[in-house]
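K.L.:
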Ligand code: NAD
Ligand code: UDP
């Protein structure tokens with residue numbers, strides 16, 4: 193009997209990679225998505241697989257407990273539904289917070305109903321504009337409750353609290369991953385995040401938009417490395433992930449995933465141009481958006497110890513693969529970005 197997985201946000205950048213991997217691992221996969229930032233184009237390579245099905249639905253409007261057609265029994269649930277790019281989550285901030293909260297409640301209810309394992313996609317944004325560096329799982333964060341990033345950050349923080357309380361109150365078999373900036377093929381060309389913006393701008397000879405002075409840092413993880421961590425974490429039994437969290441003084445099972453290589457945004461722009469030497473783009477400055485974190489790098493000690501995992505794809509390789517994707521798909525299919533507006537908030 194095949195295992196059945198639900199992936200909310202399954203038509204998104206990361207969700208589609210996860211669906212593809214689960215199908216390769218022999219699962220029946222149901223992707224649920226409202227196509228806000230995701231797209232059916234992300235599903236084409238496996239949409240015809242008889243083990244795959246897609247449900248177009250919005251987690252903010254789904255009743256809990258769930259109706260048809262989700263009257264399937266799930267073995268594993270991966271909760272990825274939520275716009276992740278600042279441009280898109282800030283365009284619909286109330287919807288973003290509600291997506292985090294209602295989406296995780298929906299997944300927790302399903303997990304309780306089916307006795308399923310749940311992996312919740314949290315984020316490095318729970319650390320906010322961090323005052324400790326690098327960020328480890330014990331850090332409680334420095335988050336503005338009323339700023340333009342709060343809809344995302346606080347929604348994700350409440351979602352973590354809901355997962356932790358469902359573990360304590362209802363013994364749900366849940367675990368959480370705090371994802372640091374992750375990039376790769378199938379990011380939408382209009383996505384607005386820095387990697388896709390810079391590549392698309394360089395490919396189209398447009399100005400490369402550096403917000404602020406470009407000295408803020410990020411650590412960039414290639415998508416395949418993240419999916420490997422997801423799968424390894426989900427494979428572990430409940431007792432193991434709980435005991436590990438308790439040994440490390442964490443109130444609930446949570447790990448960071450990311451690539452600890454740390455780069456300034458200006459360095460990322462220079463790397464992108466070095467990989468596209470024919471580009472005529474120039475680096476230009478744009479205003480720094482509010483509450484933009486200054487320095488971010490994951491401490492991945494716990495993920496290494498628990499999963500025997502570490503990221504394998506260096507930034508140059510991952511960027512080259514992502515550039516190939518944007519060249520072959522985004523430009524040719526006419527999914528053209530208008531980076532002047534995407535990149536400028
Ligand atoms: P994405 O925007 O490509 O994917 C999110 C998906 O969720 C999209 O397909 C979107 O249509 C869907 N969605 C949004 N709201 C929904 C709703 N109300 N109902 C149903 N579907 C909805 O972004 P991504 O980078 O693939 O992110 C996936 C998850 O990983 C998100 O939860 C995000 O917060 C988390 N994450 C990603 C990163 C990263 O760097 N990529 C970092 C931290 C956390
Ligand atoms: N950024 C930039 N130019 C862009 C897009 C983003 O300089 O065209 C900066 C942004 O201000 C932030 C960093 O790049 O400091 C990462 O931004 P992104 O939106 O990718 O993700 P974040 O980590 O901020 O959520």
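Residue numbers (our numbering): 193 to 537.
Backbone N, C-alpha and C define an ideal beta-carbon position, used for all residues, glycine too.
Owing to the predicted nature of the structure, the values given are computational and were not obtained by experimental measurement.
(1) Excluding five sequence neighbours on each side, which residues of the same chain lie with their C-beta closer than 8 Å to the C-beta of residue 352?
(2) Since residue 457 is in the alpha helix (DSSP H), which residue starts that stretch and which ends it?
(3) Between which residues of its own chain and residue 296 is the CB-CB distance below 7 Å, once the five residues before and five after are set aside?
(4) Over what stretch of residues does the beta strand (DSSP E) that includes residue 319 continue unbroken?
(5) Give the list of continuous alpha helix (DSSP H) stretches no shorter than 4 residues that lie fully inside the stretch 196–250.
(6) According to DSSP, is residue 534 part of a helix, a strand, or is it coil?
(7) Distance, Cα to Cα, residue 496 vs residue 502?
(8) Quick one: what's got a C-beta closer than 7 Å to residue 323's C-beta in the same chain, skipping five residues either side?
(9) Distance, Cα to Cα, residue 254 vs residue 200?
(10) Where do the N-terminal and C-terminal ends of the beta strand (DSSP E) with residue 476 fall, by residue?
(11) Just to confirm my understanding: we take residue 532, look at its own chain, exclude 5 residues before and 5 after, and list those with CB closer than 7 Å. What are they?
(12) With distances taken between CB atoms, is the gap from residue 476 to residue 401 smaller than 8 Å?
(13) Roughly how many whole angstroms lie between the Cα atoms of residue 234 and residue 208?
(14) Under 8 Å Cβ to Cβ from residue 442, same chain only, skipping five residues before and after it: list those, please.
(15) How far does the beta strand (DSSP E) with residue 359 in it reach, from first residue to last?
(16) Going by DSSP, what residue range makes up the alpha helix (DSSP H) through residue 517?
(17) Are residue 298 and residue 251 touching if we call contact CB-CB under 8 Å?
(18) Measuring CB to CB, does residue 372 end up less than 8 Å from residue 500?
(19) Could you check where the beta strand (DSSP E) with residue 365 kicks off and where it finishes?
(20) Would the C-beta of residue 480 count as close to ligand 2, meaning under 7 Å from any of its heavy atoms?
(21) Could you tell me the boundaries of the beta strand (DSSP E) in which residue 157 lies?
(22) I want to know whether the stretch 284–292 touches the stretch 391–400 - three or more CB-CB distances under 8 Å.
(23) Going along the chain, which residues of its own chain have a beta-carbon closer than 7 Å to the beta-carbon of residue 390, five neighbours each way excluded?
(24) Comparing alpha-carbon positions, which option in 473, 422, 493 and 455 lies nearest residue 268?
(25) List the whole-angstrom C-beta distance separating residue 467 from residue 511, where the pair is believed to meet the contact cut-off of C-beta under 8 Å.
(26) Pull the bridge partners of residue 310 from the DSSP assignment, please.
(27) So which of 361, 196 and 374 has the shortest CA-CA distance to residue 276?
(28) Pull up the distance between the alpha-carbon of residue 212 and that of residue 238, whole angstroms please.
(29) Terminal residues of the continuous beta strand (DSSP E) containing residue 492?
(30) Only counting the same chain, and skipping five residues up and downstream in sequence, which positions put a Cβ closer than 7 Å to that of residue 518?
(31) Determine the burial state of residue 309: buried for a count of at least 16 other Cβ atoms within 10 Å of its Cβ, exposed for fewer.
(32) Consult DSSP for residue 331 and reduce its assignment to one of helix, strand or coil.
P.N.:
Taking the definition as stated:
(1) 312, 314, 318, 368, 444 and 446
(2) 457–467
(3) 271, 312, 351, 354 and 355
(4) Counting along the chain, residue 319 falls outside any beta strand (DSSP E), and DSSP gives it neither H nor E.
(5) 205–216
(6) A caution first: residue 534 carries a pLDDT of 35, below 50, which makes its placement in the model unreliable, though a value can still be read off. Here residue 534 sits in helix by DSSP.
(7) 6 Å
(8) 334
(9) 12 Å
(10) 475–478
(11) Caution applies to residue 532, whose pLDDT of 30 falls short of 50 and renders its modelled position unreliable; the model cannot decide the point.
(12) yes
(13) 6 Å
(14) 329 and 330
(15) Looking at the DSSP string, residue 359 is not in any beta strand (DSSP E); the run it does join, the alpha helix (DSSP H), is 342–362.
(16) 507–517
(17) yes
(18) no
(19) 365–371
(20) yes
(21) This structure cannot settle anything about residue 157, because the visible part of the chain is limited to 193 through 537.
(22) no
(23) 400, 460, 461 and 464
(24) 422
(25) 6 Å
(26) 269 and 366
(27) 374
(28) 7 Å
(29) Run containing residue 492: none; DSSP gives neither H nor E here.
(30) 381, 391, 392 and 395
(31) buried
(32) coil
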